[in-house]
Amino acid sequence: MTATESEIPSHLRGNGAPVTEELTLTELDVTGAIPPELDGRYLRNGANPVTGFSDHPFLGDGMIHGVRLRDGKAEWYRNRYVQTPFIADPERQVINPDASLRDMTSSKANTHIVGHAGKILALEEGHFPYVLDGDLNTVGPTDYDGKLTGPFTAHPKICPMTGEMLAFGYYFVEPYMTYLRVSADGQLVQSEEITVGGPTMVHDFNITENNVVFMDLPACFDLELAIKGEMPIAWNEDYPARLGVMPRTGTDADVVWYDIDPCYVFHPLNSYEDGDTIVLDVARFDHIWRDGPMDFPNPVLWRWVIDQSTGTVHEEQVDDRPGEFPRVADAVIGQQHRYGYLMAFPETRSDDPMDNNGAILKYDRQTGERTSIELGAGQTPGEAVFVPAADGEAEDDGYLMTYVHDASTNLSSMAIFDAKEMGAEPIASVHLPRVPFGFHGSWVPSSVAD
Ligand SMILES: [Fe+2]
Numbered sequence: 030m031t032a033t034e035s036e037i038p039s040h041l042r043g044n045g046a047p048v049t050e051e052l053t054l055t056e057l058d059v060t061g062a063i064p065p066e067l068d069g070r071y072l073r074n075g076a077n078p079v080t081g082f083s084d085h086p087f088l089g090d091g092m093i094h095g096v097r098l099r100d101g102k103a104e105w106y107r108n109r110y111v112q113t114p115f116i117a118d119p120e121r122q123v124i125n126p127d128a129s130l131r132d133m134t135s136s137k138a139n140t141h142i143v144g145h146a147g148k149i150l151a152l153e154e155g156h157f158p159y160v161l162d163g164d165l166n167t168v169g170p171t172d173y174d175g176k177l178t179g180p181f182t183a184h185p186k187i188c189p190m191t192g193e194m195l196a197f198g199y200y201f202v203e204p205y206m207t208y209l210r211v212s213a214d215g216q217l218v219q220s221e222e223i224t225v226g227g228p229t230m231v232h233d234f235n236i237t238e239n240n241v242v243f244m245d246l247p248a249c250f251d252l253e254l255a256i257k258g259e260m261p262i263a264w265n266e267d268y269p270a271r272l273g274v275m276p277r278t279g280t281d282a283d284v285v286w287y288d289i290d291p292c293y294v295f296h297p298l299n300s301y302e303d304g305d306t307i308v309l310d311v312a313r314f315d316h317i318w319r320d321g322p323m324d325f326p327n328p329v330l331w332r333w334v335i336d337q338s339t340g341t342v343h344e345e346q347v348d349d350r351p352g353e354f355p356r357v358a359d360a361v362i363g364q365q366h367r368y369g370y371l372m373a374f375p376e377t378r379s380d381d382p383m384d385n386n387g388a389i390l391k392y393d394r395q396t397g398e399r400t401s402i403e404l405g406a407g408q409t410p411g412e413a414v415f416v417p418a419a420d421g422e423a424e425d426d427g428y429l430m431t432y433v434h435d436a437s438t439n440l441s442s443m444a445i446f447d448a449k450e451m452g453a454e455p456i457a458s459v460h461l462p463r464v465p466f467g468f469h470g471s472w473v474p475s476s477v478a479d
């Protein structure tokens, strides 16, 4: 097939275009100095359609791009497909209520990658996790010794206090949502059906020291769209938006629901308890997919404060600069955070990548200040992953890792920035071939999985 640039869907143009080769590169040029304390892998997942085409940015095949750091060196760069059934059979239907949506191994495994309990897990939200080895080879899907029977979210939360991985799954038929708790040693120890208003898309959730907070929001499964083979989720004006607070070891009967204004949140930044309140910082969209599956208004940072004594939620916009892919230091997940990092979104979208002045935003939630790394024309970062410095004391003593695409050369780098200073010049850049835009990643220290 030949196609002019304008016939290619926008998500597959420019650095959205998939790469075709799986590479292993060991002689990597580095500018600057990689901190020698960093021993592990920076791994990032994204959708890279094996056929070269996908109907929607969320439907491509999972490809992991990873850089192994040790002793101040970048030992390798690898990119590997997660070997799902779609790689062996690229004609396999993605959205098919009778097959791919029900077969829990039929994952695209394209959304996130985390390390937990000695394993590296490639995640997508409709199916089982896929286990990878340290060289990014696929071991296979896991159902936690048969205990996992439905989908597993792409956004579990690993508690820094207990080592547990708190998660959930959502599905298009009942039970619409299931809460999942994985112990620090990797056993699925709790699975609870949670009653929500219908088949809502729940991309992420929140944890605090004692609770989890579910988001039951008005983006709902639409069977007619699924039967047509289209992205089967749409905005639903009639569906109430709610937050549900449940003790971590609780059951459906313990969930307390709080009404909020209609909106959509793919990604919270973090949440924590403060007396009788629960504070959530989130990247909030006014709506999504109301006018079609590419309807994404600009998201901005908001704060929700759930008052458990009055049963109300105070909702407040924090900033008006668009940003998404929010992250905090892993050490403060579920605890009070001071700092949060977002990938800036351009105010207006352009087809010319040189128009994009990429930036990473840093919010100080104590002073209210926003600072940023402004990367300049044609320089586009991804989600910034915070990695603590070995001798760090302050919450922001550490590094931000991300792939940066340079539109002027059409090449990428793995950049390590100083998270405290937020200078535009990276501490180190590992020079790479083009790494397409992707979704989420993690720093997986060798001590967690190797
Ligand atoms: Fe996500």
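Residue numbers (our numbering): 30 to 479.
Built from N, CA and C at the ideal position, the CB exists for glycine as well.
Note that the structure is predicted; figures quoted are calculated from it, not measured.
- Integer Cβ distance of MET372 from GLU412, believed to fall under 8 angstroms: By a beta-carbon distance limit of 8 angstroms, MET372 contacts GLU412. Their separation comes to about 6 angstroms.
- Message: Shorter than 7 angstroms, the distance from the beta carbon of PHE14 to the closest heavy atom of ligand 1, or not?
- Response: Because residue 14 is not part of the residues shown, which for the chain are 30 to 479, the question remains open.
- Coarse secondary structure for THR31, derived from DSSP in three states: With a pLDDT of only 44 at THR31, under the threshold of 50, the placement of this residue in the model should not be trusted, and no figure is reported.
- Write down the C-beta distance between THR207 and SER220 rounded to the nearest angstrom, noting that I regard them as a contact closer than 8 angstroms. At roughly 6 angstroms, the Cβ-Cβ gap stays under 8 angstroms, so THR207 and SER220 are in contact.
- Is any heavy atom in ligand 1 found nearer than 7 angstroms to the beta carbon of HIS232? Taking 7 angstroms as the cut-off, one finds at least one heavy atom of ligand 1 near enough to the beta carbon of HIS232.
- Start-to-end residues for the beta strand (DSSP E) that takes in PHE250: According to the DSSP assignment, PHE250 belongs to the beta strand (DSSP E) that extends over 248–250.
- Specify whether the stretch 227–246 and the stretch 50–58 touch according to this definition: at least 3 beta carbon pairs, one from each stretch, less than 8 angstroms apart. The stretch 227–246 and the stretch 50–58 do not touch, with fewer than 3 CB-CB distances between them shorter than 8 angstroms.
- Query: Given that a residue counts as buried once 16 or more other Cβ atoms are within 10 Å of its Cβ, and exposed if not, what is LEU252?
  - Reply: So LEU252 counts as exposed.
- Query: So, GLY198 versus PHE181, is the Cβ gap smaller than 8 angstroms?
  - Reply: Result yes, Cβ atoms of GLY198 and PHE181 sit closer than 8 angstroms.
- Message: If you measure between the beta carbons of LEU98 and LEU67, is that distance less than 8 angstroms?
- Response: Their beta carbons are under 8 angstroms apart, which means LEU98 touches LEU67 by this criterion.
- In whole angstroms, what is the alpha-carbon distance linking ASP381 and GLY407? Distance from the CA atom of ASP381 to the CA atom of GLY407, rounded to whole angstroms, is 9 angstroms.
- Message: Give the list of continuous alpha helix (DSSP H) stretches no shorter than 4 residues that lie fully inside the stretch 370–416.
- Response: Note on the stretch 370–416: there is no whole alpha helix (DSSP H) run with a minimum of 4 residues.
- Are LYS391 and TYR368 close, meaning C-beta to C-beta below 8 angstroms? The answer is yes: Cβ separation under 8 angstroms.
- Query: Under the rule that 16 or more other beta-carbon atoms within 10 Å means buried, what is MET30, buried or exposed?
  - Reply: Because the pLDDT at MET30 is just 39, under 50, the model does not fix this residue reliably, and the value given afterwards should be weighed accordingly. The residue in question, MET30, is exposed, as its Cβ has fewer than 16 Cβ neighbours within 10 Å.
- Message: Helix, strand or coil, according to DSSP, for ALA436 in the structure here?
- Response: Three-state DSSP puts ALA436 in coil, outside helix and strand.
- Message: Is any non-hydrogen atom of ligand 1 found closer than 7 angstroms to the C-beta of PHE468, if you look at the structure I gave you?
- Response: It does: the Cβ of PHE468 is within 7 angstroms (strictly closer) of some heavy atom of ligand 1.
- Message: Following a CB-centred definition, is HIS184 positioned closer than 7 angstroms to any heavy atom of ligand 1?
- Response: It does: the Cβ of HIS184 is within 7 angstroms (strictly closer) of some heavy atom of ligand 1.
- Item | THR140 beta carbon near ligand 1 (any heavy atom closer than 7 angstroms) | The answer is yes for THR140.
- Cα-Cα separation, GLU203 to GLY179: Answer to the nearest angstrom: the Cα atoms are 11 angstroms apart.
- Message: Using 8 angstroms as the threshold, is the C-beta distance between TYR301 and GLY397 below it?
- Response: No, these two residues do not count as a Cβ contact at 8 angstroms.
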